[in-house]
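Everything below concerns the one structure shown next.
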Amino acid sequence: MVEIFLEGVAKSFLLNGTSLPVLDNVSLQVLEGEFVSLIGPSGCGKSTLFNIICGLTAPDRGRVLLGDQYGVPAGEVVAYMPQKDLLLPWRTVLDNVILARRAVGRDRIAVQHEARELMPLFGLAGFENCYPAELSGGMRQRAALMRTVLARRRVLLLDEPLGALDAITRTRMQQWLLKVWNNFKQAVLFVTHDIDEAIFLSDRVYVLTPRPARVCMHLPVRLPRPRRAELFTAPDFLALKRKIMCALQVK
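The sequence shown: position 29 = 29 (full-length UniProt numbering), numbered continuously.
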């Protein structure tokens with residue numbers, strides 16, 4: 001089943017009275033249970049693309065289908081995790097992670113029970129009553145991802161969720177993220193600037209050009225799962241990395 005289908009999507013914005021093209025004829029798809037990454041230069045329009053998928057911004061032209069149908073509200077299909085964790089500082093970890101479920105009227109006691117059972121998987125057991133300021137950067141990102149997963153949507157949109165972490169924490173979080181994805185098997189569309197990260201995590205990678213963004217490469221990643229750190233130096237991994245690096249040099 002196709003969870004996200006974009007065809008010929010284009011978007012421009014007015015800047016000081018002048019049209020600024022951001023997206024140019026972007027087409028892509030994410031299938032059920034897939035992990036798909038978007039990689040491209042800074043400012044090429046990846047976040048704008050996410051906003052279009054979420055229904056926060058309308059495309060100037062092109063088709064957007066969610067759940068293989070027209071007219072399906074984005075909120076019924078996708079859950080969006082932006083770059084910043086956006087945890088509410090006055091709420092505990094437990095109260096933060098259940099926000100999405102509470103916002104749609106779910107019973108507080110029931111969702112709290114569900115969240116407590118998942119705390120060990122997200123590395124947050126024992127921190128349920130802590131506040132965001134008491135957490136490390138990695139723990140805050142895990143809490144933000146838990147909130148997104150608990151929304152129970154078929155597709156997760158993850159916009160550079162690991163970008164602000166140090167290298168050691170980021171590597172650990174990549175392996176942990178795959179563990180969580182394998183547990184829930186939601187489709188994922190993941191934005192990153194890191195080529196290694198895109199290959200390591202993904203089933204497929206879309207490479208975008210500088211603004212106005214268009215797809216210059218669609219690369220299947222046929223590497224075995226589960227994936228481990230030693231994969232970063234494997235010949236097949238390095239061959240994929242060279243292909244993406246060449247594509248990113250396209251003007």
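Note that CB positions come from ideal geometry on N, CA and C, so glycine has one too.
Asked, Found
"For Phe232, collect the residues of the same chain with a Cβ closer than 8 Å to its Cβ; drop the 5 residues on either side in sequence, then sort them by chain order.", "Asp196, Phe200"
"Is it buried or exposed for Phe13, if we count other Cβ within 10 angstroms and need 16 for buried?", "exposed"
"Going by the DSSP bridge assignment, what does Gln29 pair with across the sheet?", "Phe5"
"Applying the 10 Å Cβ sphere with the 16-neighbour rule, what's the burial state of Lys251?", "Reliability fails at Lys251, whose pLDDT of 46 lies under 50, so the model's placement of it is uncertain and no value is given."
"Where Met234 and Leu189 are concerned, what is the direct C-alpha to C-alpha distance, given to the nearest angstrom?", "The sequence as given places Ala at residue 234; Met does not occur at that position. Approximately 25 Å between the Cα atoms of the pair."
"Quick one: give me the first and last residue of the alpha helix (DSSP H) that Leu178 is part of.", "167-184"
"Quick one: what's Ala187 bridged to in DSSP?", "Val155"
"Tell me which same chain residues have a C-beta within less than 8 Å of the C-beta of Val221, skipping the five on either side of it?", "Ile199, Ser202, Asp203, Arg204, Val205, Leu240"
"Starting from the C-beta of Asn16, find all residues in its chain whose C-beta is less than 8 Å away, skip the five residues before and the five after it, and write them out in chain order.", "none"
"For the beta strand (DSSP E) holding Ala79, just list the boundary residues, first then last.", "78-81"
"Asp85 CB to nearest chain C CB: under 8 Å?", "The question asks about chain C, but that chain is absent: this structure has only one protein chain."
"With a threshold of 16 other CB atoms inside 10 Å of the CB of Glu160, please say whether the residue is buried or exposed.", "buried"
"With H, G and I counted as helix, E and B as strand and the rest as coil, what does DSSP make of Lys243?", "helix"
"Would you call Arg225 buried or exposed, if buried means 16 or more other Cβ atoms sit within 10 Å of its Cβ?", "exposed"
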